[in-house]
Each structure stands twice: as C-alpha cells, then as structure tokens.
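2 protein chains.
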Amino acid sequence: MQRATRQRAAILELLKDSTQFLSAQQVHGALTSQDHAIALATVYRALQALTRAGELDVRYSGDGEHLYRRCTRSDPHHHLLCRHCGAAVDLPGIPLEQWVTRHAQKHGFTDVHTTVELDGECSSCAPSGG
Amino acid sequence: MQRATRQRAAILELLKDSTQFLSAQQVHGALTSQDHAIALATVYRALQALTRAGELDVRYSGDGEHLYRRCTRSDPHHHLLCRHCGAAVDLPGIPLEQWVTRHAQKHGFTDVHTTVELDGECSSCAPSGG
DNA sequence: GTCGATGCAAACAGTTTGCAACCAC
DNA sequence: GTGGTTGCAAACTGTTTGCATCGAC
Numbered sequence: 000m001q002r003a004t005r006q007r008a009a010i011l012e013l014l015k016d017s018t019q020f021l022s023a024q025q026v027h028g029a030l031t032s033q034d035h036a037i038a039l040a041t042v043y044r045a046l047q048a049l050t051r052a053g054e055l056d057v058r059y060s061g062d063g064e065h066l067y068r069r070c071t072r073s074d075p076h077h078h079l080l081c082r083h084c085g086a087a088v089d090l091p092g093i094p095l096e097q098w099v100t101r102h103a104q105k106h107g108f109t110d111v112h113t114t115v116e117l118d119g120e121c122s123s124c125a126p127s128g129g
Numbered sequence: 000m001q002r003a004t005r006q007r008a009a010i011l012e013l014l015k016d017s018t019q020f021l022s023a024q025q026v027h028g029a030l031t032s033q034d035h036a037i038a039l040a041t042v043y044r045a046l047q048a049l050t051r052a053g054e055l056d057v058r059y060s061g062d063g064e065h066l067y068r069r070c071t072r073s074d075p076h077h078h079l080l081c082r083h084c085g086a087a088v089d090l091p092g093i094p095l096e097q098w099v100t101r102h103a104q105k106h107g108f109t110d111v112h113t114t115v116e117l118d119g120e121c122s123s124c125a126p127s128g129g
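First to last, the protein sequences are chains P and L. Counting from 0, one number per residue, gives the positions in the first sequence under numbering that gives the first Met the number 0. Counting from 0, one number per residue, gives the positions in the second sequence under numbering that gives the first Met the number 0.
Okay, structure coming up:
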C-alpha cells in the first residue's frame, strides 16, 4: 500500500495545482526550486506508483519523455494539449467504439484499445495576428 | 537530396516487405542477420531522413522506442497495431475534423493535430478460445 | 518493529553526434 | 571533385535499479 510521505504529498500538491502535463524532470525541478528536497529517482518512483494507482494520466511528449497530469476523471475522455506551454483541457470522449469495433472485427483484431491525442496552440501561445 | 546508397536501399527493402512497425534496433538486427553490414547510427539517421521525407510513419511503442513502417498513403488514416507481434493494418481516417475543430475553438486552441492510435490483438496472437 | 519509501550514484536503453574516410552523382 | 553518407565510439537524455538508511503505520 502507498504511504503518505512528505515527498508524495508535495508531488500531488504540485500536480493538483497544475492543469499542465509535466515531465518527471519538470516535477523534480519545480519541487526543488520550492525548497522541497526530493531525489529525482523518488519522483520517478512516485509518478509510476501514482500512475499505477490511477491517480495520474500519462502522455508521451513526442521527444522522449513522459508527461504526467493529475486526472481523477474515470469516464473516457481526451486531452487537448498545447504543444508550447503544456496547458491541457479535458475533452469529452469521442464515441469511437462502434467504428473501432467494426473495423477491428473486419481485420480479426480483438481487445482493441484506442488512444486519441490532440495537440495544438492555446490562445496564450498562438501568434495573435502576426 | 537523398542519395541511393546500399544501406538505405536495404532499409527500404526490408520495410517494404514488412507490414509491421519495426524499431530502429529491430531494423538493424534484421539487416545485420541478413549479411547487410550496417551501423546502428546509420539506421537511425536513415530512418529519420526517410521519416522527414514522408516515406515512413512513426509510432511510439509505449516502452521507450520509436517504431517505423513504410507507408506511402498520403490521405489521413490510422494504424491498428497488434501489441504482440507488431502487425499493422491501415484503417480509413476517422472523420474527426468537425468534432475537433468545434472543441478546439471552444477552448481557444488553434492548429490542432489529432493522433489516433489503435492497438489490439491480431487473430494470430489472440488466444483462440483457451 | 516492519516494510515500504527515500537518496545517492551507478547502470541502462534508446538515440544522437563529431569526425575522418567513403562513395554516389 | 563535391558534398551527402557511413562507421565508430563517445556522449546524451530519460529512466531504472541496488542498497543502506529512514520513517509511516
């Protein structure tokens, strides 16, 4: 079972206040600069544990790192992520089940899992007309 | 411009014959065991160049590596990938544009790019009833 | 007191890069 | 001959792991 240590509390606190997806290194950097001494390995281990426990959503950044975000929604949904600042908004789940099932059957695939990733430029990062 | 070297020809040949997504290391391993001497770095560089040239599709494996597949289709489409053997089939593009645009606008996002990844068990890998 | 969590540093895996030799054009 | 390509090995980045210590329950 998971223990409520100072380090994990700090990580959850940080993620609770963030709408962004953050990398393990970003989490570590943020905590360190907030005077929360924590080892990078601890961040990785905690992030893994929390992900396994369903507390966090993970995404692949596209350049080699994983991004984490607190997300307690249990219903299917997607994240629209700003590729500049990492800001994310929740979007309702796309009703793809029928479409996926139909095509999966056609090709003999079973137990199909669908991942939808959306990324764009948020209003703060978009060039405002120039 | 790209030069038609022996190494790139071998890589393209290998990928042409494969319906699977392969990692750089798998490509290297396959070529090496086929008596095609080639350096791992060359595989990485060629794979990058070919991807940039639009000759290959890339996918993230979920455990730290990128997977490549030859794919000359230019129309939007998706890949349904077997998580055991890596076999992949092309699926037509899901008409998400309107849905995405509508939600993106609502949240002030522009230039939104959609990635749909499907993975399941192909008929060869699925437990056939036991 | 027990056993999971932490910190440190070394180990790892995948990938990239510097540089000289090489070869397609 | 020129300039992109290759091979090698070393460097890098993100991540994991071994082990002794620490601390939550």
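Glycine included, C-beta positions come from ideal geometry on N, C-alpha and C.
Quiz prompt | Within 7 Å of chain L by C-beta, residues of the stretch 102–123 of chain P in sequence order | solution = When C-beta distances to chain L are compared with 7 Å, the residues of the stretch 102–123 of chain P below that value are His102, Ala103, His106, Gly107, Phe108, Thr109, Asp110, Val111, His112, Thr113, Thr114, Val115, Glu116, Leu117, Asp118, Gly119, Glu120, Cys121, Ser122, in chain order.
Quiz item: In the stretch 15–76 of chain L, which residue ranges form an unbroken alpha helix (DSSP H) of at least 4 residues, counting only runs that do not cross its ends?
Solution: Runs found: 23–32, 39–51.
Quiz item: How would you label Cys122(L), buried or exposed, when you count the other beta carbons within 10 angstroms and need 16 or more for buried?
Solution: Before going further, note that residue 122(L) is Ser rather than Cys in the sequence given. By the 10 Å Cβ count, Ser122(L) comes out exposed.
Quiz item: Exposed or buried, which one is Arg51(P) when buried takes at least 16 other CB atoms within 10 Å?
Solution: The residue in question, Arg51(P), is exposed, as its Cβ has fewer than 16 Cβ neighbours within 10 Å.
Quiz prompt | Cβ contact check for the stretch 58–72 of chain P and the stretch 88–104 of chain L: 3 or more pairs under 8 Å | solution = Counting Cβ pairs under 8 Å, fewer than three are found: no touch.
Quiz prompt | Environment of Gly129(P) [buried if 16+ CB atoms lie within 10 Å] | solution = Caution applies to Gly129(P), whose pLDDT of 47 falls short of 50 and renders its modelled position unreliable; the value that the coordinates give is listed next. Answer is exposed; the Cβ neighbour count stays below 16.
Practice problem: Alpha carbon to alpha carbon, how far is Ala36(P) from Gly28(P)? Give it in angstroms, no decimals. | Solution: Their backbone Cα atoms lie some 10 Å apart in a straight line.
Practice problem: Check whether the stretch 110–126 of chain L touches the stretch 76–83 of chain L, taking contact to mean three or more Cβ pairs, one atom from each stretch, closer than 8 Å. | Solution: In short, these stretches touch, since the Cβ pair count reaches three.
Quiz item: Using CA coordinates, which residue listed in Gln104(P), Arg44(P), Gly85(P) is at the minimum distance from Gln2(P)?
Solution: What sits at residue 2(P) in the sequence shown is Arg, not Gln. Per the Cα distances, Arg44(P).
Quiz prompt | Reduced DSSP secondary structure (H/G/I, E/B, other) of His78(L) | solution = In the three-state scheme derived from DSSP, where H, G and I count as helix and E and B as strand, His78(L) is classed as strand.
Quiz item: What does Glu116(L) pair with, by DSSP beta-bridge criteria?
Solution: Thr114(P), His78(L), per the DSSP bridge assignment.
Quiz item: Mind checking if Tyr43(P) is an interface residue toward chain L, Cβ cutoff 7 Å exclusive?
Solution: Chain L has no Cβ within less than 7 Å of the Cβ of Tyr43(P).
Exercise. Assuming His76(P) contacts Leu90(P) (C-beta within less than 8 Å), just tell me the rounded distance between them.
Key: Between His76(P) and Leu90(P), the beta carbon gap of about 6 Å places them in contact (Cβ cut-off 8 Å).
Self-check item: Partner residues on chain P for Ala125(L), Cβ-Cβ distance less than 9 Å
Solution: Simply Gly107, Phe108, Thr109, Asp110.
Quiz item: Residues of chain L with CB under 9 Å from Leu135(P), in chain order?
Solution: The structure shown does not extend to residue 135(P), since chain P is modelled only from 0 through 129, so no value can be given for it.
Practice problem: Name the residue from Val111(L), Ala125(L), Cys70(L) whose alpha carbon lies nearest to the alpha carbon of Gly107(P). | Solution: Among Val111(L), Ala125(L), Cys70(L), the Cα nearest to that of Gly107(P) belongs to Ala125(L).
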